[in-house]
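Residue numbers (the numbering used here): 514 to 950.
Backbone N, C-alpha and C define an ideal beta-carbon position, used for all residues, glycine too.
Please read all numbers here as calculations on a predicted model, not as lab measurements.
Inspection log for the structure reproduced underneath, given as structure tokens.
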């Protein structure tokens, strides 16, 4: 198959963010000289060039804050990036000033969000240099992700300039929560909804991260979305796939991923549950957190062990060595709105590891519905500490159940999420669009 040239906007290739991992796995094996990425500097920190080494950083020539906020704006290089081995050259991505960063993150951004200025205080335009780079690359197709209004407008601008087919891939239902607070939130909800609908009208193909999202967006926007979730390399995960489900003296429950909106409070509830089980049953279960930052609450629980992220190549071994892998979601109204239609990137990786999965999530979420439908995890749809404790204790005491759900997950991921079949279908769709069919 002769692959088309693809311009990617709004997401880099990396092994740390959900969007970056999903994109990396979908485009794995693409001709390297037929992919180019354009995005802002803050997205480039963890970028890799295994799949693509043609990156354009949208810097001071393209990304502008309005007066008088422009005096606070950092100056970033605009232009094509150079790579050192497998990562972006550090001399092109300016390091943060700690004092300035604290002022901007803790005071400035909360202030402009409250005042209702966040969705209009900055703009990204097409500079002459960027336009030349676009013309020189001359893509056949545009693939884009976005998480805010500015990127929606920029994607629309690029598509109008190039007049090439656009594929837009939705990772989370951020339009439902992005205007939940601050002044003029009703105005901005309508404005962003309007801008998003314009983008969807311009798109040749719309992709969702889950079938639940596709169904919801058909009702909400009257648009058809096709689902592409994170595919996994089955052979890569089989290297260390778990086959023994007996528990040792100190069982380990592992969470690996981000912390923050939609997750953090449930993680602490799990820590409380494990602490209680250890005391009542005289066990020594460890709750392993593999996250960028150590949560502030973690020091209050002796069962919690924090570890930083490990290289992606080590994940099959790390996941298989754990006794349980946990996917927790918060139960607050705001969290449910944000994650209801999302399918965590880690879900398919957890499934491929062969380790029993525990899902703690509201019953209306896509992950809870999917896990229940295929019996691929112990699903807990209640955030009551006693209920969670009861369910986890039952799983600890039932080896047959642990093995059954783990094997169900491993079989399903091979059937529905194996990278060979998923990327083949992904390529065929993009090829069809590039050919104008």
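| said: Measuring straight from C-alpha to C-alpha, what distance separates residue 759 and residue 912? | reply: Against the chain shown, residue 759 aligns to sequence position 246. Against the chain shown, residue 912 aligns to sequence position 399. Going from the Cα of residue 759 to the Cα of residue 912 covers about 7 Å.
| request: Note down, one range per segment and in chain order, each alpha helix (DSSP H) of at least 4 residues found wholly within the region 656-723. | output: 662-675 and 698-715
| said: Please report the distance separating the alpha-carbon of residue 859 from that of residue 667. | reply: The sequence position of residue 859 within the chain shown is 346, counting from 1. The sequence position of residue 667 within the chain shown is 154, counting from 1. Taking the straight line from one Cα to the other gives about 29 Å.
| field | Option nearest residue 786 by Cα separation, candidates 827, 802, 897 and 753 | value | As a first step, residue 786 is located in the chain shown; it is residue number 273 there, counting from the start. Residue 786 has its Cα closest to that of 897, out of 827, 802, 897 and 753.
| query | Helix or strand or just coil, what does DSSP make of residue 838? | reply | In the chain shown, the residue the question calls residue 838 occupies position 325. Strand.
| field | Contact under 8 Å by Cβ, residue 702 with residue 690 | value | By one-based count along the chain shown, residue 702 stands at place 189. By one-based count along the chain shown, residue 690 stands at place 177. Cβ distance not < 8 Å, so residue 702 and residue 690 don't count as in contact.
| Span separating the alpha-carbon of residue 723 from that of residue 887 | Start at 1 with the first residue of the chain shown, and residue 723 comes out as number 210. Start at 1 with the first residue of the chain shown, and residue 887 comes out as number 374. Looking at the two C-alpha atoms, the distance is approximately 15 Å.
| request: Using only alpha-carbon positions, find the residue among 705, 877 and 707 that is nearest to residue 726. | output: Here residue 726 is taken as the residue at index 213 of the chain shown, counted from 1. The option with the nearest alpha carbon to residue 726 is 877.
| So, helix, strand or coil for residue 868, using DSSP? | For the purposes of this step, residue 868 is taken as the residue at position 355 of the chain shown. DSSP places residue 868 in coil when its eight states are reduced to three.
| query | If we ignore side chains and look at the alpha-carbon of each, how far apart do residue 901 and residue 830 end up? | reply | For the purposes of this step, residue 901 is taken as the residue at position 388 of the chain shown. For the purposes of this step, residue 830 is taken as the residue at position 317 of the chain shown. Using only the alpha carbons, I get a separation of about 27 Å.
| task | With residue 524 as the anchor, note down where its alpha helix (DSSP H) starts and where it stops. | result | Position 11 of the chain shown holds residue 524. Taken as a continuous stretch (DSSP letters only), residue 524 belongs to no alpha helix (DSSP H), as it is neither H nor E.
| request: List the DSSP bridge partners of residue 799. | output: Along the chain shown, read from residue 1 onward, the residue named residue 799 stands at position 286. Looking at the DSSP assignment, residue 799 forms a beta bridge with 765.
| Residue from 658, 944, 837 and 882 with nearest C-alpha to residue 761 | As a working mapping, residue 761 is identified with position 248 in the chain shown. Cα-wise, what sits closest to residue 761 is 837.
| Which class does residue 569 belong to by DSSP, given the choice of helix, strand or coil? | For the purposes of this step, residue 569 is taken as the residue at position 56 of the chain shown. Correct three-state label for residue 569: strand.
| query | Among residues of its own chain, excluding the 5 on either side of residue 927, which ones have a beta-carbon nearer than 6 Å to its beta-carbon? | reply | Mapped onto the chain shown, residue 927 falls at position 414. Only 747 meet the Cβ criterion.
| So, are the CB atoms of residue 738 and residue 720 less than 8 Å apart? | Position 225 of the chain shown, counting from 1, holds the residue named residue 738. Position 207 of the chain shown, counting from 1, holds the residue named residue 720. Cβ distance < 8 Å, so residue 738 and residue 720 count as in contact.
| field | Residues near residue 925 in its chain [Cβ-Cβ closer than 8 Å; skip 5 each side] | value | The residue you call residue 925 lines up with position 412 of the chain shown. Once the five neighbours on either side are set aside, the close Cβ partners of residue 925 are 864, 887 and 889.
| query | Just the Cα atoms here: how many angstroms apart are residue 706 and residue 676? | reply | The count along the chain shown starts at 1 and reaches residue 706 at position 193. The count along the chain shown starts at 1 and reaches residue 676 at position 163. Each residue's Cα considered, the two are about 23 Å apart.
| task | Please classify residue 515: is it buried, with 16 or more other beta-carbons within 10 angstroms of its beta-carbon, or exposed? | result | On the chain shown, residue 515 is found 2 positions in, with the first residue counted as 1. Classification of residue 515: exposed, given that the 10 Å Cβ count is below 16.
| field | C-alpha distance - residue 663 paired with residue 763, whole-angstrom precision | value | For this step, residue 663 is matched to residue 150 along the chain shown. For this step, residue 763 is matched to residue 250 along the chain shown. Whole-angstrom Cα-Cα distance: 48 Å.
| field | Buried or exposed by the 16-neighbour rule on C-beta atoms within 10 Å, applied to residue 930 | value | Translated into positions along the chain shown, residue 930 becomes position 417. Residue 930 comes out buried.
| Using the C-alpha atoms, what's the distance from residue 573 back to residue 807? | As a position in the chain shown, residue 807 is number 294, starting the count at 1. As a position in the chain shown, residue 573 is number 60, starting the count at 1. So the two alpha carbons sit approximately 33 Å from each other.
| query | Out of 798, 753, 564 and 941, which has the shortest C-alpha to C-alpha gap to residue 818? | reply | To locate residue 818, count along the chain shown from 1; it is residue 305. That would be 798, whose Cα lies nearest to the Cα of residue 818.
| field | Stretch-stretch touch, CB-based, cutoff 8 Å, three pairs: the region 525-541 with the region 727-736 | value | no
| N- and C-terminal bounds of the alpha helix (DSSP H) containing residue 552 | Within the chain shown, numbered from 1, the residue matching residue 552 stands at position 39. Unbroken run through residue 552 is the beta strand (DSSP E), 548-553; no alpha helix (DSSP H).
| request: Assess, as a yes-or-no matter, whether the region 559-573 is touched by the region 585-596 under the definition of 3 or more beta carbon pairs within less than 8 Å. | output: yes
| task | Thinking residue 800 and residue 766 are a contact (beta carbons under 8 Å), I'd like their distance in whole angstroms, please. | result | Translated into positions along the chain shown, residue 800 becomes position 287. Translated into positions along the chain shown, residue 766 becomes position 253. That belief holds up - the Cβ atoms of residue 800 and residue 766 are roughly 5 Å apart, short of 8 Å.
| field | Delimiting residues of the beta strand (DSSP E) encompassing residue 891 | value | Stepping through the chain shown from its first residue, residue 891 is reached at position 378. Where residue 891 is concerned, the enclosing beta strand (DSSP E) stretches over 891-893.
| field | Three-pair Cβ contact test at 8 Å for the region 644-656 versus the region 905-921 | value | no
| Between which two residues does the alpha helix (DSSP H) carrying residue 646 extend? | If you number the chain shown from 1, residue 646 lands on position 133. Start and end: 641-650.
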